[in-house]
DNA sequence: AACTATTGGTTCGATTATAGAACCGGAAGG
DNA sequence: CCTTCCGGTTCTATAATCGAACCAATAGTT
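Chains as they are written, first to last, in our numbering: chain A, 1 to 261; chain B, 1001 to 1261.
Listed below in structure tokens is the structure:
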């Protein structure tokens, strides 16, 4: 059993996004179809604690500095700045493209960290973006390395929501098998228009997939260049990274949703 | 009036720090002197929503990926990655030392972002650290540029907690006046042992201090080098940064605590 | 200037979610 | 085998929450 009050409170927090970072009291209450009284109480609570910040000029609320504080603890837990980030930089230099760290969370993939290349394309907007595992190289390479009994449920979700990536279950499973066997995936434009990606999986100390690293760039540039060579470099670093991560005991951040079924 | 339930919930979150990132249920309940039943309910709520993650091996809880997602929204709001970070990198290159971004929040200073130099000293641990404004160059330079009626309250807090930095109010105020006038502050070892810092203030679109930028490094290296020259460079960039920030409307994240008194 | 429609914020009694003692089943230790 | 810890659950008196009705202030309209 979970706390209804806190649940409502957290729902409020989730309304603050890159695309809508500032909310007025009434505006937010209407959107959530909640009484403005309770939204007000929750907003003040968060503000008192530093999780929200009330802009004194506009009277509107936005996310507070507390999230920067706590995110730093998470980064430290995940050894992101210490271990993962340096390797991402290396790959970025060698490939000249942006490198994306995707992590498996619940039954979705989340874009967690991006090292930008000097070149045009910027992905910063995409950080935090969640999407199902059947879409895009970074996600598919995770799905491909998941235990087979987990794959079924996720693919079923894709069929239920009529994902165009899955024409037939058997063909899709075959593709996943190939991805798992060769150790990397390539797609173009599946998650972001005109952006291609080459991805390789990361494993934890129990050899469970915990995420992936991707070389991402404009589709035309990745097509012209040697995809297989880039994939080989990427895989080398992913293996190296997995080896280090397995030593610091870095558990896969997965909820065993499908085990319960 | 704020929500007691959510307040308790947020108190739980704050127990997760860099120094103690993993908590067991009972352990946490004892520490907070709360019934383990309610702690359990709150932990499950947070876990369901992705704010906490239960390590399936140890059964212990740690902060979840949600904080990385939301912190990215905050960074975008504050234009950190877009505007502030690039300038920090520039200063880091020119000075060869680490650059620290401190923000004013409530009536404290928070180390928000650190660009590490290639050299030995690492400050990553300090990110998110809060401390009162009378301690350390990065914080003092903020205090010095605060309205005088705000300064009084903060200095009083310092005296109440017997801060060794304040021997006498009048001398301390004089020092602050000098810092404000010359535009930068220098201290050594006040916040972190054997670490010195040169700091200059940042202002928002209404010319209120919103934080500071600091060049930080081992005390001996900052002493031997030319402090004034480093300060001049730093001030130049801080002015540049303030000018840009004032255009994007970046409000000072301050609660007007002392106005209410 | 008066009227209306917003806004953020507050009050207070009926309702409902919460708090916490007592409980379970498992694991670790003696 | 017993004890003690652990994470997790159940149940009801009780305390916190909910929300209609309420301010006061601001902005736009007539």
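Don't be surprised by glycine CBs; every beta carbon is placed ideally from N, CA and C.
Where DSSP assigns a beta bridge to residue i, which residues make up the other side?
{"i": "residue 1132 of chain B", "result": "B:1108"}
{"i": "residue 1116 of chain B", "result": "Answer is none; residue 1116 of chain B lacks a bridge partner."}
{"i": "residue 1100 of chain B", "result": "B:1114 and B:1214"}
{"i": "residue 196 of chain A", "result": "A:188 and A:217"}
{"i": "residue 209 of chain A", "result": "A:203"}
Can you list, in chain order, the residues of its chain whose CB lies under 7 angstroms from that of residue i, leaving out five sequence neighbours each side?
{"i": "residue 234 of chain A", "result": "91, 184, 198, 200, 213 and 215"}
{"i": "residue 71 of chain A", "result": "none"}
{"i": "residue 1141 of chain B", "result": "1179, 1184, 1185, 1199, 1200, 1201 and 1212"}
{"i": "residue 1035 of chain B", "result": "1029"}
{"i": "residue 238 of chain A", "result": "200, 201, 202 and 213"}
Which same chain residues, not among the five before or five after residue i, have their C-beta less than 6 angstroms away from its C-beta?
{"i": "residue 16 of chain A", "result": "63"}
{"i": "residue 51 of chain A", "result": "64 and 66"}
{"i": "residue 129 of chain A", "result": "111"}
{"i": "residue 61 of chain A", "result": "23, 43, 52 and 54"}
{"i": "residue 1136 of chain B", "result": "1187, 1190 and 1191"}
{"i": "residue 77 of chain A", "result": "none"}
{"i": "residue 1246 of chain B", "result": "1205"}
{"i": "residue 1139 of chain B", "result": "1109 and 1133"}
{"i": "residue 8 of chain A", "result": "none"}
{"i": "residue 123 of chain A", "result": "98 and 114"}
{"i": "residue 222 of chain A", "result": "196"}
With H, G and I counted as helix, E and B as strand and the rest as coil, what does DSSP make of residue i?
{"i": "residue 43 of chain A", "result": "helix"}
{"i": "residue 1218 of chain B", "result": "strand"}
{"i": "residue 247 of chain A", "result": "helix"}
{"i": "residue 56 of chain A", "result": "coil"}
{"i": "residue 1188 of chain B", "result": "strand"}
{"i": "residue 1201 of chain B", "result": "strand"}
{"i": "residue 1281 of chain B", "result": "Residue 1281 of chain B lies beyond the range of chain B shown here (1001 to 1261); nothing can be said about it."}
{"i": "residue 1078 of chain B", "result": "coil"}
{"i": "residue 1062 of chain B", "result": "strand"}
{"i": "residue 1013 of chain B", "result": "helix"}
Quick one: what's got a C-beta closer than 8 angstroms to residue i's C-beta in the same chain, skipping five residues either side?
{"i": "residue 1127 of chain B", "result": "1111, 1112, 1113 and 1114"}
{"i": "residue 39 of chain A", "result": "12, 25, 28, 29 and 32"}
{"i": "residue 1240 of chain B", "result": "1087"}
{"i": "residue 219 of chain A", "result": "188, 189, 194, 195 and 196"}
{"i": "residue 1005 of chain B", "result": "none"}
Residues in the segment 51-70 of chain A with C-beta within 9 angstroms of chain B's C-beta atoms, listed in sequence order?
51, 53, 54, 55, 56, 57, 58, 62, 63, 64, 65, 66, 67, 68, 69 and 70
Check distances from the C-beta atoms of the segment 1016-1048 of chain B to those of chain A and list, in chain order, the residues that come in under 7 angstroms.
1016, 1017, 1018, 1021, 1041, 1042, 1044, 1045 and 1048
The segment 111-142 of chain A: positions lying closer than 7 angstroms to chain B by Cβ
112, 124, 127 and 128
Under 7 angstroms (Cβ pairs) to chain A, residues found in the segment 1208-1219 of chain B
none
Kindly provide the ranges of any beta strand (DSSP E) runs that are 3 or more residues long and lie completely inside the segment 1129-1172 of chain B, ordered along the chain.
1130-1132
Residues in the segment 1146-1165 of chain B having any Cβ partner in chain A nearer than 8 angstroms
none
Short-range partners of chain A found in the segment 1075-1096 of chain B, where Cβ spacing is below 9 angstroms:
1075, 1076, 1077, 1078, 1080, 1081 and 1082
Give, in chain order, every residue of the segment 178-193 of chain A whose Cβ lies closer than 9 angstroms to some Cβ of chain B.
none
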